[in-house]
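Going by the numbering used here, the sequence shown opens with residue 1311, and the numbers climb by one from there.
Beta carbons: idealized from backbone N, C-alpha and C, even for Gly.
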Amino acid sequence: MLAFFFHTNRMTDKGLPPFVKNWNQFYILVFAWLVVCILYMYWFTRYFA
C-alpha cells in the first residue's frame, strides 16, 4: 500500500536538502531522527529519575 502511495503522488525533489536523494530517503531519515530523539529523552529521564 505504501508503494502505491509513493508511486501515485510523485513530488519534485527541488525542496529536499542536498544530502537526500529522494522523498523516500527523506521520510526514512525523519523517522530515524524521531526514534533517536525519543531514545535520548528516555535515557535522559532514566538517568535523572
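C-beta atoms of residue i and residue j nearer than 8 angstroms
i, j, result
"L1326", "F1336", "yes"
"V1330", "L1339", "yes"
Neighbourhood of residue i by C-beta, 7 angstroms cutoff - its chain only, sequence neighbours within 5 removed
i, result
"N1332", "D1323"
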